[in-house]
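Some notes on the structure that comes next.
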Amino acid sequence: MTTNKQLLEQKGITRLCHFTKSNKLPHILSKESGIVANTELDDQKELLSKNDPLRLDGKEDYVCCTVQYPNTWYLRNIKNNDPLFTEWVIILINPLLVTNETTLFCHRNAAAGRGVYIKDGYDGFSGMFNQTVQGQRPMYRTQSMLSCCATDDQAEVLIYKNVSRSDILGLVVPNEEQARKEKARLKFIKGVPDDLTFIIAPDLFEVSWSAMVRRGQVPSEILYREE
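My numbering numbers the first residue of the sequence shown as -4 and each following residue consecutively.
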């Protein structure tokens, strides 16, 4: 019987993705608790507002992630809610978290139907890669689509309670200027690892990456190195 770990290897999945405002990074990276779910935030008054206060999926005790590439449609909808702060980053996460028994999966945006499509286990994870899935409309895999991508770009992996700092693999930003800025900000925060990987990938902040992966193209990603 195939396991979630084996499916990770078969699909070539190297990471999960989670969007957050960059001003949350000091809190996330200075504590081993890392990214914490909405219910956990209630006891952490110093952290800024929740990314998604509505949480229509009903899973307030889970952290929402996507496979390999981010849910840029979600970002497009919410990034202008706070006109005073519009800088966002993508946090790259250890994909082995899909092997946890508490991890849940949804072949489309988990908020659809108020969470009715959320599943667990191998059936839940593998179902994200079916040839056809039903989202707001039917979604199909193309012959050349990258195997590491879920059929619906908004398919979600839900991690219970938190994503530990030790499971954070790196940060993605849209340009070199923001990479330099984030690195400078974090340098003086106690507890933040000094070996953080920064990747510059403007395509991942635009919905255009979807068409690229369906053509079998890997969006450009450049490792940021300080001069």
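A virtual CB, placed ideally from N, CA and C, is assigned to each residue, including glycine.
First and last residue of the uninterrupted alpha helix (DSSP H) at residue i
i, result
"Gln173", "171 to 181"
"Val208", "204 to 209"
"Tyr69", "67 to 73"
"Tyr117", "116 to 121"
Limits of the unbroken beta strand (DSSP E) element including residue i
i, result
"Thr127", "127 to 129"
"His102", "That residue, His102, is in no beta strand (DSSP E); it is neither H nor E in DSSP."
"Phe193", "193 to 195"
"Tyr57", "57 to 62"
"Leu113", "Sequence check: residue 113 is Ile here, not Leu. That residue, Ile113, is in no beta strand (DSSP E); it is neither H nor E in DSSP."
"Leu87", "83 to 88"
Cut-off 7 angstroms between Cβ atoms - residues of its own chain near residue i, not counting five sequence neighbours on either side
i, result
"Thr(-3)", "Tyr117"
"Ser142", "Lys6, Gly7"
"Asn89", "Asp162, Leu164"
"Ser205", "Asp148"
"Gly211", "Ser139, Met140, Leu141"
Own chain, CB closer than 8 angstroms to residue i, minus 5 neighbours either side, in chain order
i, result
"Gln149", "Thr61, Asn66, Trp68, Tyr69, Arg103, Asn104, Gly130"
"Val198", "Val is not the amino acid found at residue 198; the sequence shown has Asp there. Result list for Asp198: Trp204, Met207, Pro214, Ser215, in chain order."
For residue j and residue i, the rounded distance between their alpha carbons
i, j, result
"Ser215", "Val168", "12 angstroms"
"Gln138", "Leu218", "29 angstroms"
"Thr98", "Phe120", "9 angstroms"
"Leu181", "Thr15", "15 angstroms"
"Ile184", "His13", "21 angstroms"
"Asn(-1)", "Thr94", "6 angstroms"
"Tyr112", "Met140", "24 angstroms"
"Glu221", "Leu3", "32 angstroms"
"Gly186", "Arg160", "10 angstroms"
"Leu191", "Gln63", "19 angstroms"
Beta-carbon proximity check, residue i vs residue j, cutoff 7 angstroms
i, j, result
"Leu164", "Leu87", "yes"
"Thr146", "Arg132", "no"
"Ile195", "Ala174", "yes"
"Leu166", "Phe200", "no"
"Ser28", "Asn157", "yes"
"Ser17", "Glu177", "yes"
"Val58", "Ile23", "no"
"Val208", "Cys144", "yes"
"Val213", "Leu11", "no"
"Asn76", "Glu55", "no"
Near the ligand MN: residue i beta-carbon under 6 angstroms from a heavy atom
i, result
"Gln138", "Among the components of this structure there are no ligands whatsoever, and the ligand MN is therefore not found."
Close Cβ partners of residue i (< 6 angstroms) along its chain, the five nearest in sequence each way excluded
i, result
"Val128", "His102, Met134, Thr146, Asp147"
"Asp115", "Leu99"
Any C-beta of chain B under 7 angstroms from that of residue i
i, result
"Asn157", "As a matter of chain content, chain B is missing from the structure shown, which is built from one protein chain."
request  = Please go through the segment 6 to 40 and give each complete beta strand (DSSP E) segment of 3 or more residues, from N-terminal end onward.
outcome  = 11 to 16
Just to confirm the assignment: which complete beta strand (DSSP E) runs, minimum length 3, are found wholly within the segment 135 to 176? 151 to 155, 163 to 168
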